[in-house]
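Undergrad:
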Amino acid sequence: MIQKPRGTMDILPDEVGIWQHVEKTAREVAELFGFREIRTPAFEATELFQRGVGDTTDVVQKEMYTFADKEGRSYTLRPEGTASVVRALIENGKCSNLMPQKLYYLINCFRYEKPQAGRSREFFQFGTEMFGAADASADADIIALANTLLMRLGVSDIHLHINSIGCPECRPNHRQALKDYFASYKDDLCETCRERLDKNPMRILDCKSPVCSEIAKGAPKTLDYLCPECTSHFDKLKATLDAMGIEYTIDANIVRGLDYYTRTVFEFIAPVIGAQSTVCGGGRYDGLMKELGGPQLPGIGFAMGLTRVILAMKSSKVALPQAPSPRLYIASMGDKAQKKAAEIVSRLRTDGIFAEYDLVGRSLKAQMKYADRQNARFTLIIGDCEIESGRAVIKDMQNSEQSEIALNDTAAIAKAVL
Ligand code: ATP
Ligand code: MG
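Under our numbering, the letters of the sequence shown match residues 3 to 420, in that order.
#1: Can you check which of these residues, GLN127, GLN400 and LYS240, is closest to ASP253 by C-alpha distance?
#2: Can you tell me whether DSSP reads LYS238 as helix, strand or coil?
#3: On the DSSP letters alone, give me the boundaries of the alpha helix (DSSP H) that TYR183 sits inside.
#4: What did DSSP end up calling GLN22 once you bin it into helix, strand or coil?
#5: Alpha carbon to alpha carbon, how far is GLN404 from LYS341?
#6: Would you mind reading off the limits of the beta strand (DSSP E) that contains GLN404?
#7: Given a cut-off of 8 Å, decide if VAL274 and ALA245 are closer than it, judged by their beta-carbon atoms.
#8: Starting from VAL395, follow the beta strand (DSSP E) in both directions and report where the run begins and ends.
#9: Output the boundary residues of the alpha helix (DSSP H) element that contains MET291.
#10: Nearest to TYR263 by CA position, among CYS232, CYS169, ASP337 and TYR227, is which residue?
#11: Does the segment 202 to 219 come close enough to the segment 143 to 158 to have 3 or more Cβ pairs within less than 8 Å?
#12: Use the C-beta contact count for GLU46: other C-beta atoms within 10 angstroms, 16 or more gives buried, fewer gives exposed.
#13: For ILE206 and ALA185, I'd like the C-alpha separation in whole angstroms.
#14: Suppose the cutoff is 8 Å on Cβ atoms and the five residues either side in sequence are ignored; what does the same chain contact list for LYS201 look like?
#15: Report the option in PRO328, ALA368, ALA85 and GLU193 whose CA atom is closest to the CA atom of ALA416.
#16: If we require 4 or more residues per run, which alpha helix (DSSP H) segments fall completely within the segment 246 to 312?
#17: Hey, is the segment 395 to 403 in contact with the segment 354 to 366, meaning 3+ C-beta pairs nearer than 8 Å?
#18: Whose C-alpha, out of GLU269, PHE356 and ALA179, is nearest the C-alpha of ASP226?
#19: Where do the N-terminal and C-terminal ends of the beta strand (DSSP E) with ALA85 fall, by residue?
#20: Report yes if the CB atom of LEU228 is closer than 8 Å to the CB atom of ARG53, and no otherwise.
#21: Within 8 Å of any Cβ in chain C, is that where the Cβ of THR352 sits?
#22: Is TYR67 helix, strand or coil when you go by DSSP?
#23: On a Cα-Cα basis, can you pick out the residue from SER334, THR412, ALA378 and ALA368 that is closest to THR352?
#24: Please state the DSSP three-state secondary structure of ILE383.
#25: Expressed to the nearest angstrom, what Euclidean distance is found between the alpha-carbon atoms of ARG198 and MET3?
#26: Is there contact between the segment 33 to 47 and the segment 309 to 325, where contact requires at least three CB pairs shorter than 8 Å?
#27: What are the boundary residues of the alpha helix (DSSP H) that includes ASN377?
#28: Per the contact definition of three or more C-beta pairs closer than 8 Å, is the segment 105 to 120 in contact with the segment 64 to 71?
#29: Might you give, ordered along the chain, the residues of its own chain that have their beta carbon closer than 8 Å to the beta carbon of ARG286, omitting 5 neighbours on each side?
#30: Throw me the rounded Cβ distance for the ASN175 and THR224 pair, which I believe falls under 8 Å.
#31: What are the boundary residues of the alpha helix (DSSP H) that LYS417 is part of?
#32: Does the distance from the C-beta atom of ILE423 to that of LEU330 stay below 8 Å?
#33: Using only the alpha-carbon positions, how far apart do GLY9 and GLY74 sit?
#34: Fully enclosed by the segment 20 to 55, which beta strand (DSSP E) runs are 3 residues long or longer?
#35: So, helix, strand or coil for GLU131, using DSSP?
#36: Excluding the five sequence neighbours on either side, which residues of its own chain have a C-beta within less than 6 Å of the C-beta of ALA135, listed in chain order?
What follows is the structure in structure tokens.
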């Protein structure tokens with residue numbers, strides 16, 4: 003027996019309804035905010051992620067699915083979406099379009115991680131990116147989009163945490179303070195963090211190891227080191243969220259320790275879903291476009307993990323959409339009747355009506371049982387008599403009401419089952 007790769011999942015028909023509902027709602031909300039979909043390749047040159055995600059991150063250091071193709075080029079299955087979107091804008095000459103440019107995507111991502119609840123090796127993200135808007139109102143708009151979607155999906159008990167990590171002007175002071183702080187704990191830090199101490203001490207704040215995260219609790223906070231411009235950006239973000247009625251907590255532990263991530267960072271956290279409780283993470287990355295060879299163009303976005311959204315919906319006891327059921331099931335006896343059933347069903351489907359008939363040669367009784375199991379709203383039985391008279395009875399399975407129709411009058415059949 004061949005099994006699926008570890009950390010991947012099969013989404014079976016009984017489970018797919020909630021996924022389709024989440025994806026559909028995500029598209030609707032994105033479009034409500036003026037975002038348009040972008041699709042990029044599932045794999046990219048490895049260097050794109052090394053530069054775009056950052057080679058001091060866990061994602062790049064430990065989690066990428068990197069392979070050489072037959073000609074020896076190094077490619078990586080996308081671990082996230084932002085770098086690809088930025089590359090696509092640069093490569094397709096879209097950096098001077100009307101601003102802001104607002105884009106969204108629904109993608110699968112791949113990370114070599116230890117599978118557990120809310121963490122898999124192939125997972126699904128809904129992501130948004132906005133380019134060309136440096137003002138804090140754009141940060142609030144992006145946060146409002148994520149918030150609206152989570153509300154529409156019925157996720158209760160979810161909390162927005164925000165922070166500001168400053169800009170290239172003010173970050174060096176904070177970085178130095180972090181270095182000084184962590185240096186005194188050097189021997190206790192995990193091996194990866196010891197390496198990060200020089201290169202990128204802010205990443206230590208992100209480390210999942212219990213020892214490092216305990217030490218990180220006492221570390222200097224970015225908010226204490228912001229320059230006046232970053233302070234007023236953060237103030238405006240808070241004021242705009244207040245005006246929109248979106249509640250938040252200021253959380254100094256949220257960071258994105260990369261040079262081109264700037265100012266706003268945020269997460270939506272649903273504690274009820276367990277240890278992997280960050281449903282959505284995002285922030286501003288005013289330096290990323292330039293880092294990847296494009297013009298200086300501010301950007302902000304988020305990525306929402308759909309597995310975790312669904313876990314949160316389930317724990318909020320959200321009523322899930324029902325699988326659609328046929329409007330009409332035609333039971334038939336004999337070849338002539340089956341052919342007539344095929345003809346009627348085919349016409350109804352052309353009109354967009356969900357209709358079915360017997361394809362496996364069941365007895366009449368078994369066909370009726372099948373119709374019941376499929377939850378068909380109406381049934382129509384065709385046998386020799388009905389073929390001869392050209393008339394048959396449509397039965398409403400909800401109230402047992404019956405009406406007679408002519409088998410050749412598809413319009414009347416369509417009307418009867420709508
Ligand atoms: P985490 O702290 O959980 O590792 P992260 O910082 O690596 O998250 P991001 O790169 O910000 O995550 O990705 C955005 C979102 O994608 C996360 O908030 C989460 O909902 C989801 N996500 C990330 N990695 C996984 C995974 N391996 N399996 C399922 N969902 C994931
Ligand atoms: Mg991670």
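Quick reminder that beta carbons are idealized off the backbone N, C-alpha and C, glycines included. Predicted model only: the values in this text are computed from it and were never measured.
TA: According to the structure data:
#1: Here residue 253 refers to the residue found at position 251 when the sequence shown is read from its first residue. ASP253 has its Cα closest to that of LYS240, out of GLN127, GLN400 and LYS240.
#2: Position 236 of the sequence shown, counted from the start, is the residue given in the question as residue 238. LYS238 falls in the helix class under three-state DSSP.
#3: Here residue 183 refers to the residue found at position 181 when the sequence shown is read from its first residue. Its alpha helix (DSSP H) spans residues 173 to 185.
#4: For the purposes of this step, residue 22 is taken as the residue at position 20 of the sequence shown. In the structure shown, GLN22 sits in a helix (DSSP, three-state: H, G or I).
#5: In the sequence shown, counting from the first residue as 1, residue 404 sits at position 402. In the sequence shown, counting from the first residue as 1, residue 341 sits at position 339. Near 23 Å, if we compare the C-alpha coordinates of LYS341 and GLN404.
#6: For the purposes of this step, residue 404 is identified with residue 402 of the sequence shown, where counting begins at 1. Note, GLN404: beta strand (DSSP E), 404 to 408.
#7: As a working note, residue 245 is residue 243 in the sequence shown. As a working note, residue 274 is residue 272 in the sequence shown. Result no, Cβ atoms of ALA245 and VAL274 do not sit closer than 8 Å.
#8: As a first step, residue 395 is located in the sequence shown; it is residue number 393 there, counting from the start. Unbroken beta strand (DSSP E) run through VAL395: 393 to 398.
#9: In the sequence shown, counting from the first residue as 1, residue 291 sits at position 289. It spans 290 to 293 - the alpha helix (DSSP H) in which MET291 sits, taken as one unbroken run.
#10: If you number the sequence shown from 1, residue 263 lands on position 261. If we check each option's Cα against that of TYR263, CYS169 comes out closest.
#11: no
#12: Residue mapping note: residue 46 aligns to position 44 of the sequence shown, counting from 1. Looking at its Cβ environment, which holds 16 or more other Cβ atoms inside 10 Å, GLU46 is buried.
#13: Translated into the one-based positions of the sequence shown, residue 206 becomes position 204. Translated into the one-based positions of the sequence shown, residue 185 becomes position 183. Those two C-alpha atoms are separated by around 12 Å.
#14: Reading the sequence shown from its first residue, position 199 is the one you call residue 201. The answer, listed in chain order, is THR58.
#15: As a position in the sequence shown, residue 416 is number 414, starting the count at 1. Closest by alpha carbon: PRO328.
#16: 290 to 293
#17: no
#18: Locating residue 226 in the sequence shown gives position 224, where the first residue counts as 1. Looking at the Cα atoms, ALA179 is the closest of the given residues.
#19: The sequence position of residue 85 within the sequence shown is 83, counting from 1. Element bounds for ALA85: not the beta strand (DSSP E) but the alpha helix (DSSP H), 84 to 93.
#20: Locating residue 228 in the sequence shown gives position 226, counting from the first residue. Locating residue 53 in the sequence shown gives position 51, counting from the first residue. Going by C-beta atoms, LEU228 is not nearer than 8 Å to ARG53.
#21: The chain labelled as chain C is not found in the depicted structure, where only one protein chain is given.
#22: Against the sequence shown, residue 67 aligns to sequence position 65. It is coil, neither helix nor strand.
#23: Stepping through the sequence shown from its first residue, residue 352 is reached at position 350. Checked all of SER334, THR412, ALA378 and ALA368; the closest Cα to THR352 is THR412.
#24: The residue given as residue 383 occupies position 381 in the sequence shown. Note: ILE383 maps to strand in three-state DSSP.
#25: Mapped onto the sequence shown, residue 198 falls at position 196. Mapped onto the sequence shown, residue 3 falls at position 1. Cα-Cα distance, rounded: 43 Å.
#26: no
#27: Here residue 377 is taken as the residue at index 375 of the sequence shown, counted from 1. No alpha helix (DSSP H) contains ASN377, which DSSP labels as neither H nor E.
#28: yes
#29: Counting from one through the sequence shown, the residue named residue 286 turns up at place 284. The answer, listed in chain order, is ASP141, TYR263, THR264, ARG265, THR266, VAL267, PRO300, GLY301 and ILE302.
#30: Position 173 of the sequence shown, counted from the first residue, corresponds to residue 175. Position 222 of the sequence shown, counted from the first residue, corresponds to residue 224. The pair is not a contact, with the Cβ atoms about 10 Å apart (cut-off 8 Å).
#31: As a first step, residue 417 is located in the sequence shown; it is residue number 415 there, counting from the start. LYS417 -> alpha helix (DSSP H) spans 412 to 419.
#32: Since the first residue of the chain shown is 3 and the last is 420, residue 423 is not available in this structure.
#33: Working through the sequence shown from its first residue, we reach residue 9 at position 7. Working through the sequence shown from its first residue, we reach residue 74 at position 72. Their Cα atoms are separated by approximately 27 Å.
#34: 45 to 47
#35: On the sequence shown, position 129 is the one that residue 131 refers to. Strand at GLU131.
#36: Translated into the one-based positions of the sequence shown, residue 135 becomes position 133. PRO102.
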